[in-house]
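Protein chains in written order, with the numbering used here: chain A, 23 to 346; chain B, 5 to 304; chain C, 8 to 335.
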């Protein structure tokens, strides 16, 4: 029986837009609009979606890097939603994040050894000597030469900087790691190296991953379960194979059909979606996807579809399926 | 670490950059920066001039030579820089005036930069009401007309070097506050700051370990500019009873005083003017070098 | 054998960059042929020289620090490298057009998109006023933007990324060019938008009959779009073949390694690690001796470390630069 590590219930993160003379809130960017999911210990849940889907904001809000507007975040049975930054601090040992941008995520004025050591310093773990040793070990683990600890970030390549990012995230032995598009900014041949590293580390250190990505081939390779997001909502969640073999939500179907495949002989049956993604400030009423959905019905305009479990572990939010 | 250095020295090898401490590394990089070295030499020369000078050339800077023959003397054995309108030895006045000006200039520039940086850092980082409060205060200070405030302070504070420094700082910190706040607002959005949050770093740690070092480049430049400004400023407030009072010399008041004698004795302007010029330039060059030396991306 | 007329023939192109830190041999002996109406893919990772090749064709290399120091680029039999700036300007945007990765920075934010497309039309077709506005609206419609009359007066920031890319395409195609160069034009787009744009490009290519040079690092995109593919590595072409041949029987260890290492969208998850290529792309200031791929090549021998292989035609139409090409 798998232990539930993290559970997110009806999470909302709205960003206020201020306007007018008195700077009142005139509208909100509904980045995350009532999202629910869970992650079991040791598994990889991927959050996929395109720009404006809210996947990045979800990851950050789950870690309380952003304060949720409403909803609940439960970590190992404990409700952490309303903990203050001071109360969160000890918990941060257990949950870390790895960023997308190999250039912006490392302080350019700190030597990489210090960057990797910082989590240990912040949480006062070990003696000075022990910390330096931990850094050296971590660097070796991620495939960097420990002698390079005094070098600065700009002396490393993109792939190496991502390795530094991983080392920093893992040096305090967290349980949960949020990976925010960790390989998108890297060259193709380096991506595979980092993917392998992440998987090896997960097995070795028994890590749980929330993998945020838009590259579906990578998602298929890495995930145990996948949640598809559109305009702040999760439209479908399922096990890896189940989602890719039997996508039920029209958006998921369109998304999967759009992925190009490195095989010139394969003719893709594309579902081309019309129009553009609506603005998250003013999402369509009812189902957010209805303006681009090839199967939109009148009810889609009036009512938001509820999330229902169509098969064990496979949930969808779509009126097409509610009918059944 | 120490063994490595000793080993390298024994073998006569060059140390790699990885063997230096942070301060050692900055120093090493500074010595390779041409402009910084030029600036350093200029400053060293000036410092030697004002501190060692009086040991070599002993004359009383305030002693007046009576009579017309004592005034505006051209440089001679007796007075290598001539005499001023009171028959005082200019060279001696340059020594002692220099000490005061350098002291006031340096201390007030650094202090106002640090205070401004602190205000800007806190306002920029915390935002919200702290930001509003601090920035409105800064704005208020900037809008107060300096003249009436100076008069008020003059009556309260009295005379003296520390009072001068205080006044310069009171009127100087705001510029840095706004500068740093703006910089911090944009730095705050950098992902490595977010990463520090994610690790659980405290506000203090983020401000001083992550934000402040990235504002140093700007602060160094601001300080070097401020030194020259402070030296001149000291002179310009002297008529209010602030500043160094006659008969004591500062480069600022020597310069100011000499303006009326531009036709009689232009050298009275040139000496302090040149000295201030060299000082400001020296600090600027050195400051640029320091800024470059602490930037790890710059190859030196 | 391709019976179509040869449109662009790049022979031994060498474009170097002279920087403070040293010389960067960005393009070091690239050969490429594009036939009339052909879709050619130029694939590679950072530092391979693909974008520099495109810029070299249009003579848009910033000088300093870049310089085309050798080779020939024949367009309709005439060497573009021998033309002067005036002549090149007649070709750019007219006979050869280019679209880039970031439409937001390629479009001027203070002019409406209608004005910008019209400008391209006026410049090359010597029509203006009502006539060019009409043509502009036709173009906006051609690239699949709904309500073209309304969109004419919109500004770039009022449009989404996909729309802006369509505007770029409209501008590029307004003069009916013979060659469209697309430099990572879909890389920054969401996958559903990318699908739309690729669809559009395919449709327009059939309709207008132009050749396209697709430059990308995305093997899947090039599999979909290109007839012929050239793989670039560290400034040289290492393999060139038909799309089918490239994917079915890659002969160069780099191509082979790349294809093996990318996660397969159509395959179920195994827990096996990906067969990744070790090492990194070489620093342009320190190119390895011999074959540029040798430090990362699992099959490298002493010969590979000493000598640089020449490009050979293994089977008709399939070129490889390797001493020990992989068996098909």
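From the three backbone atoms N, C-alpha and C, an ideal C-beta is built for every residue, glycine too.
Residue i touches chain B at which residues, Cβ-Cβ below 9 Å?
i                      : result
residue 145 of chain A : 203 and 204
Whose Cβ in chain A lies nearer than 8 Å to the Cβ of residue i?
i                      : result
residue 37 of chain B  : Within 8 Å Cβ-Cβ: nothing; residue 37 of chain B doesn't reach chain A, min ~18 Å.
residue 175 of chain C : Within 8 Å Cβ-Cβ: nothing; residue 175 of chain C doesn't reach chain A, min ~16 Å.
residue 209 of chain B : 144
Under the three-state reduction of DSSP, which class applies to residue i: helix, strand or coil?
i                      : result
residue 197 of chain A : coil
residue 130 of chain B : helix
residue 246 of chain C : strand
residue 232 of chain B : helix
residue 101 of chain A : strand
residue 26 of chain B  : helix
residue 94 of chain A  : strand
residue 39 of chain C  : strand
residue 196 of chain C : coil
residue 22 of chain C  : strand
residue 18 of chain B  : For residue 18 of chain B, the predicted model reports a pLDDT of 42, less than 50, meaning its position is unreliable and no value from the coordinates is stated.
residue 5 of chain B   : Model confidence at residue 5 of chain B stands at a pLDDT of 41, short of 50, so the residue's coordinates are unreliable; what they give is reported in the following sentence. In this structure, residue 5 of chain B counts as coil in the three-state DSSP scheme.
residue 11 of chain B  : For residue 11 of chain B, the predicted model reports a pLDDT of 43, less than 50, meaning its position is unreliable and no value from the coordinates is stated.
residue 148 of chain C : helix
residue 54 of chain B  : helix
If the cut is a Cβ gap below 7 Å, which residues of chain C does residue i touch?
i                      : result
residue 215 of chain A : 283
residue 179 of chain A : 287
List the residues of chain C whose Cβ lies closer than 9 Å to the Cβ of residue i, in chain order.
i                      : result
residue 242 of chain A : 270, 271, 272, 273, 274, 275 and 276
residue 212 of chain A : 52, 283, 284, 287 and 288
residue 294 of chain A : 199, 202, 203 and 206
Closer than 6 Å by C-beta to residue i: which residues in its own chain qualify, once you throw out the five before and the five after it? Chain order, please.
i                      : result
residue 20 of chain B  : Only weak support is given to the placement of residue 20 of chain B: the predicted model assigns it a pLDDT of 47, under 50, and the question is left unresolved by the model.
residue 99 of chain B  : 54, 57 and 58
residue 6 of chain C   : Here chain C comprises residues numbered 8 to 335, so residue 6 of chain C is not present and cannot be evaluated.
residue 315 of chain A : 272
residue 235 of chain B : 105, 109, 256 and 280
residue 66 of chain C  : 95
residue 29 of chain C  : 292
Skipping 5 residues on each side, what residues in its chain have a beta carbon closer than 7 Å to that of residue i?
i                      : result
residue 14 of chain B  : Interpretation of residue 14 of chain B is limited by its pLDDT of 43, a score under 50 that renders its predicted location unreliable; the figure taken from the coordinates is listed afterwards. Hits under 7 Å: none found.
residue 34 of chain C  : 20, 21, 22, 56, 59, 60, 63 and 242
residue 54 of chain A  : 33, 34, 35, 76, 79, 80, 83 and 254
residue 306 of chain C : 260 and 331
residue 49 of chain A  : 39 and 303
residue 133 of chain A : 171, 172, 173 and 174
Listing by chain order, which chain A residues have their CB less than 7 Å from the CB of residue i?
i                      : result
residue 163 of chain B : Going along chain A, no residue has its Cβ under 7 Å from residue 163 of chain B, so there is no contact; the nearest lies around 43 Å.
residue 169 of chain C : 298
For residue i, return the contacting residues in chain C, with the cut-off set at a CB-CB distance below 8 Å.
i                      : result
residue 206 of chain A : Within chain C, no residue comes near residue 206 of chain A; the closest Cβ sits about 10 Å away, beyond 8 Å.
residue 218 of chain A : 280, 281 and 283
residue 336 of chain A : By Cβ distance, chain C contributes nothing, its closest Cβ being about 16 Å from residue 336 of chain A, past 8 Å.
Using a Cβ cut-off of 8 Å, pull out every chain B residue sitting near residue i, in sequence order please.
i                      : result
residue 141 of chain A : 203 and 204
residue 111 of chain A : 204 and 206
So with CB distances below 9 Å, who are the chain A contacts of residue i?
i                      : result
residue 217 of chain B : 129, 131 and 132
residue 295 of chain B : In chain order: nothing, as chain A lies at least about 12 Å away.
residue 254 of chain C : 284, 285, 286 and 287
Apart from the five residues just before and just after residue i, which ones in its own chain have a Cβ nearer than 8 Å to its Cβ?
i                      : result
residue 315 of chain C : 297, 298 and 299
residue 207 of chain C : 150, 151, 173 and 176
residue 40 of chain B  : 34, 289, 290, 292, 293, 294, 296 and 297
residue 139 of chain A : 153, 154, 156, 157 and 193
Review point. Going along the chain, which unbroken runs of the alpha helix (DSSP H) with 4 or more residues stay wholly within the stretch 295 to 333 of chain C?
Key: 309 to 313
**Study point:** Secondary structure, beta strand (DSSP E): runs of 3+ residues fully inside the stretch 225 to 293 of chain A
**Key:** 230 to 235, 247 to 252 and 255 to 261
**Study point:** Sequence ranges, alpha helix (DSSP H) only - wholly within the stretch 29 to 84 of chain A, length at least 4
**Key:** 77 to 84
Practice item. Would you be able to state if there are at least three C-beta pairs under 8 Å between the stretch 122 to 136 of chain A and the stretch 185 to 199 of chain B? Key: yes
Check your understanding: Just checking, does the stretch 194 to 204 of chain A make contact with the stretch 100 to 119 of chain A on the three C-beta pairs under 8 Å criterion?
Key -> yes
Review point. Which ranges would you report for the beta strand (DSSP E) in the stretch 76 to 123 of chain B if only whole runs of at least 3 residues count?
Key: none
**Study point:** At least 3 beta-carbon pairs within less than 8 Å: the stretch 152 to 171 of chain B vs the stretch 87 to 96 of chain B
**Key:** no
Check your understanding: Touch check for the stretch 210 to 230 of chain C and the stretch 178 to 195 of chain C: three-plus C-beta pairs under 8 Å?
Key -> yes
Exercise for review: Examine the Cβ distances between the stretch 200 to 211 of chain A and the stretch 220 to 236 of chain A and report whether three or more of them are shorter than 8 Å.
Suggested key: yes
Check your understanding: Is the stretch 177 to 189 of chain C in contact with the stretch 319 to 327 of chain A, if contact means three or more CB pairs nearer than 8 Å?
Key -> no
Practice item. Indicate whether the contact test is met: 3 or more Cβ pairs, each with one atom in the stretch 214 to 228 of chain A and one in the stretch 179 to 191 of chain A, closer than 8 Å. Key: yes
Exercise for review: Run through the stretch 97 to 161 of chain C for me and flag every whole beta strand (DSSP E) of 3 or more residues, listed as ranges in chain order.
Suggested key: 103 to 106
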